[in-house]
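A.B. asks:
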Amino acid sequence: MEVELKNFSRLFFVFTFVISFNFFGSFQEIRAQETQLSSGIEEIVVTARKKEENIQETALSVSALSQRDLDKRFPNDIRDLAGDSPNLIIDDLQQGPGSPTAIFIRGIGVSDVEKNFDPTTGVVLDGVFIGANSGAMLKTFDLEKVEILRGPQGTLFGRNTVAGVINLTRTRPTGEIGGKIRVGYGDYDTSLVDALFNFGNETAAFKITGTHREQKEGFLTNMVNGEDLGREEYYQVTVNGLFSISENLEMELTFTDEQQDQDAHTTLNMGGAGTWWCAAYGQCSPGLGVPQSGNRWAVYNNEPKRRDAFFASKTGILEVRWDISENYRVDYIFGRKTTDEEVDQDWDGTPLTLYHTDRRAEYEQDSHELRVTSDLDGKFNFVTGLYKWDSEYSIPMESRIGFFDLFGAVPRLDPLIVVPIYAYTHQETESMAVFFEVDYDINEQFTLTVGGRYIDEEKNSHACQGGGPFPDCGAIDTFAKKSWTKFTPKVALSYQQSDNVLYYASYSEGYRSGGFNGRWGNQFSAVRPYKPETVTNIEVGVKSTLMDNTLRVNVAVFDMQYDDKQFDVDIPDTLAAIGRATVTDNVAEATFRGIELELEAIINQNFSIDLNVGYLDASYDEFFADLTGAGTASDFTHLEPLRAPELNWTLGLNYEWEAGPGLAYIRASAHFIGEHHVSQLNSPTTFNQDQTIFDLSMNYEVNDTVIAVFAKNITEEDGFMVGYDVFAGAAWSYTMARAPRVWGVNITQSF
């Protein structure tokens, strides 16, 4: 800890140096004029505070990517943007269809597929919050911009944003005939076709987009029969209409239909000597950090329906924008999203049927936001509004268990006796909120911001179990209800030293919902609620644009206190079928403090660099729980929080030049992720060492045609994406690895 604090002190000194450095901005700008650079850094307008602002005048930590930035990076989904913000990790949990997402900002996140676990990072698409981890790994075609907000955003974005927000905005219909088509081919027999078509007029503008992406070969080898696994086919169709009802009133409707068919994700068995898998069945990992197969891209999967995973989603959004006067604007956003998923999954990572599941899930959400924004000439401006949320999900699941012989429940036989266990969970959430944020200009340089949000939330849960599938509730049929209220405040003070330098200090709070267990073991754990989490954040920062708009340096220092942290706790349970059960409880408090640097520099007309660096000091202050089934709580404050590397950075090198009749562009990037844990118990079998992910892309643009080639994860880093120690690792530990190197070629034609 002493070494970590010393490192933090050094980085804090760097922050102080940058502040001092900015006081010499005038001298640097004069010097910059002598270089006579004709190009400058692109100005980005963000809506991080529910209104349009220059990113350099927004008093919070936010990274942003414009449409041009996205075109240069070739992201397939938001996971490919993890390197574009400090202290950000985005992993595919690979625990179901729809790419369940683990998003960690500043070490805070949730790494679970169950829908009772609310997100810690809000993924927002066109103003609509995505309320479940499944389906949050959004594709990145047709995006106008992406904003990554770090730290609690409880005032304006509401519940379940204790870590931050990823705010995505799609392009609007232009009202003119035009569009683009992109076709591509890549590694593992991967093909894509993206199309966008605009038409209409100033009164009624329309846009239709379509996407089809298919990977016909998987990067995993199934050691059971030699087949490849990891195939996927995805399509999406979006219809968007923008209607100008009057000079001051417009309405926008968007409907998206998407579907994903894929192979079920397959786990790697990491259990060594002493685990049930190894001792009883001879299914053993040969060494620490080495899967049973000996290769992180070789798996064992004997599930007959392993190629039949399915995810479908439908999303509808209505936006009404009304300028009621020159000084006031009213926005109303309605969003509805439904998902349907099916997967039969092999969790044991062996050629035996020790633990498989047949899981079906249906989810739906409705949200309403009514917001009033002022644009007054005086010192006072505000954003205020009302928010309503309703969601529900149902999961009928069949667990197929082949290790009951270990408990004497069935005789030891070969082949194993596989016992089906059925469970049904249905949960509903209803939430109401009122919020406001006020800016008061004390003078021309100082602005005070005060905001708050009051949340009233209720959850209902139904747990059912019987000898057969739902609606057989002969063994368990329980209902539960719980309500919570919370006020989350924000206070910030900003100082605009000059047109190019902004300082700010802020205090904010975030709230993550409580709930009921989704993986209950009996009628008691099914109705046992867990409390909400809260995060408080104190932050100071500086944003500067220097040297005639050719250098941008942003720095933030933060200290976040995490209270009532929710954890899955594995406990003895005499009523559970195997004598133990998993419940969710509030068992820990933690501190996350660190520093973040973002730098963008134009060296000359051809060459530019971008750099972001995140340092994180994360630790538990209190952590008393029964994680091992010992029957009593123990002190686990020595554990490290998940996905909280001490150091992470990304360096991008960009070179652009005129080549013949067109423009050529090369981008090379290195994304470093420091060592970190992905399992709650910090299991060394799934520990991630330092990783550096290298990507390379090249574009050639002539007239309306862009030809591009790219390669990702060039050095084939194979770090773990998830880790879980079943029954505290006594049964087995499982994980999945990062995808290997991929390459591709794209051609985009605009018209």
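Going by UniProt numbering, the residue at position 730 of the sequence shown is 730; the numbering climbs one at a time, nothing skipped.
Don't be surprised by glycine CBs; every beta carbon is placed ideally from N, CA and C.
(1) Looking only at C-alpha atoms, which of D69, G218, F243 sits nearest to E233?
(2) Can you give me the start and stop residues for the beta strand (DSSP E) that R336 sits inside?
(3) If contacts are defined as beta-carbon pairs under 8 Å, then S513 and K490 qualify, I think. What distance do you get, rounded to the angstrom?
(4) Over the uninterrupted beta strand (DSSP E) stretch that includes L653, give me the two end residues.
(5) Identify, in the order they occur along the chain, each residue of the same chain with its Cβ nearer than 8 Å to the Cβ of L37, setting aside the five sequence neighbours on each side.
(6) Only counting runs of 3 or more residues, tell me where the beta strand (DSSP E) segments fall wholly within the segment 497 to 552, in order along the chain.
(7) Under a three-way DSSP split, which group does Y281 fall into?
(8) Counting along the chain, where does the alpha helix (DSSP H) carrying R68 start and finish?
(9) If you reduce the DSSP assignment to three classes, tell me which class F197 lands in.
(10) By Cβ distance below 6 Å, which residues in the same chain neighbour S733 in space, the five residues on each side in sequence not counted?
(11) Report, in whole angstroms, the separation of the C-beta atoms of Q95 and V722, which I expect to be a contact under 8 Å.
(12) Determine the direct distance from the alpha carbon of F720 to that of M736, and round the result to whole angstroms.
(13) Taking the continuous beta strand (DSSP E) assigned at I208, which residues delimit it?
(14) Does the structure place the segment 251 to 261 close enough to the segment 383 to 391 that three or more beta carbon pairs sit under 8 Å?
(15) Ordered along the chain, which non-local residues of its own chain (more than five positions away) have a Cβ less than 7 Å from that of V224?
(16) Go through the segment 368 to 456 residue by residue and report every complete run of the beta strand (DSSP E) that reaches 3 residues or more, in order.
(17) How would you label T58, buried or exposed, when you count the other beta carbons within 10 angstroms and need 16 or more for buried?
(18) Rounded to the nearest angstrom, how far is the Cβ of I538 from that of D559, given a contact under 8 Å?
(19) Near residue 752, what residues of its chain come up, given a Cβ to Cβ distance below 6 Å and the 5 sequence neighbours on each side ignored?
(20) By how many angstroms is the C-alpha of T238 removed from the C-alpha of G466?
(21) Cβ of K207 within 9 Å of Cβ of N201?
(22) Looking only at its chain, what residues have a beta carbon closer than 6 Å to the beta carbon of F694, apart from the 5 residues adjacent to it on each side?
(23) Exposed or buried, P100, counting other C-beta atoms within 10 Å across all chains shown (16 or more means buried)?
(24) With a threshold of 16 other CB atoms inside 10 Å of the CB of T705, please say whether the residue is buried or exposed.
(25) In the structure shown, what three-state DSSP assignment does E82 receive?
(26) Within the continuous beta strand (DSSP E) that includes Y235, where are the two ends?
(27) What residue range does the beta strand (DSSP E) around Y724 cover?
(28) Closer than 8 Å to a non-hydrogen atom of the ligand SAM - does that hold for the CB of S733?
(29) On the CB-based measure, 16 or more other CB atoms within 10 Å of its CB, does P152 come out buried or exposed?
(30) Just grab the DSSP bridge partners of F624 for me.
(31) Looking only at C-alpha atoms, which of T449, K314, A298, Y665 sits nearest to F607?
(32) If V123 and L81 are in contact, beta carbons under 8 Å, what's the gap, nearest whole angstrom?
(33) Leaving aside the five residues before and after G744 along the sequence, list all residues of the same chain whose C-beta is less than 6 Å from its C-beta, in chain order.
(34) Among the residues of its own chain, which have a CB less than 8 Å from the CB of E326, if the five just before and after it don't count?
(35) Pull up the DSSP beta-bridge partners for D366, would you.
(36) Is the beta carbon of E457 closer than 9 Å to that of T488?
C.D. replies: So, from the data block:
(1) Looking only at D69, G218, F243, the smallest Cα-Cα distance to E233 is reached by G218.
(2) DSSP places R336 inside the beta strand (DSSP E), whose first and last residues are 328 to 346.
(3) About 19 Å separates the two Cβ atoms, so there is no contact after all.
(4) First-last of the beta strand (DSSP E) with L653: 647 to 659.
(5) Confidence in L37 is poor, its pLDDT being 34 and thus under 50, which makes the residue's placement too unreliable to answer from.
(6) Fully enclosed beta strand (DSSP E) runs of 3 or longer: 501 to 512, 533 to 546.
(7) Y281 falls in the helix class under three-state DSSP.
(8) Per DSSP, R68 is one residue of the alpha helix (DSSP H) stretching across 67 to 73.
(9) Three-state result, F197: strand.
(10) Same-chain partners within the cutoff: M270, G271, S683, T685, D725.
(11) Beta-carbon to beta-carbon, Q95 and V722 are separated by about 7 Å, close enough to satisfy the 8 Å threshold.
(12) Those two C-alpha atoms are separated by around 6 Å.
(13) Start and end: 204 to 215.
(14) Flag = no, the segment 383 to 391 and the segment 251 to 261 do not touch.
(15) Counting only Cβ-Cβ distances below 7 Å, and skipping sequence neighbours, we find Y300, N301, N302, P351.
(16) Runs found: 380 to 401, 419 to 441.
(17) T58 is buried by the Cβ-count criterion.
(18) The pair is a contact, with the Cβ atoms about 5 Å apart (cut-off 8 Å).
(19) Since the first residue of the chain shown is 1 and the last is 751, residue 752 is not available in this structure.
(20) Using only the alpha carbons, I get a separation of about 41 Å.
(21) In this structure, K207 lies away from N201, with their beta-carbon atoms at least 9 Å apart.
(22) Within the same chain, Cβ atoms closer than 6 Å to the Cβ of F694 are found at A670, I714, T715, the five residues on either side in sequence being excluded.
(23) Counting Cβ neighbours within 10 Å, P100 comes out buried, since at least 16 surround it.
(24) Here T705 is exposed: its Cβ has fewer than 16 other Cβ atoms, across all protein chains shown, within 10 Å.
(25) It should be noted that the sequence gives Ala, not Glu, for residue 82. When DSSP states are grouped into helix, strand and coil, A82 belongs to the helix group.
(26) Run containing Y235: 232 to 244, per the beta strand (DSSP E) assignment.
(27) Y724 -> beta strand (DSSP E) spans 720 to 726.
(28) In the structure on display, the ligand SAM does not appear, and there are no ligands present to speak of.
(29) With 16 or more neighbouring CB atoms inside 10 Å of its own CB, P152 falls in the buried class.
(30) DSSP lists D635 as partners of F624.
(31) Looking at the Cα atoms, Y665 is the closest of the given residues.
(32) Going by Cβ atoms, the distance from V123 to L81 rounds to 11 Å, so no, they are not a contact pair.
(33) Excluding sequence positions up to five before and after G744, its CB lies within less than 6 Å of the CB of G184, G186, F710, all in the same chain and listed in chain order.
(34) The residues are D375.
(35) Beta-bridge pairing links D366 to R336, D390.
(36) T488 is not a Cβ neighbour of E457, given a cutoff of 9 Å.
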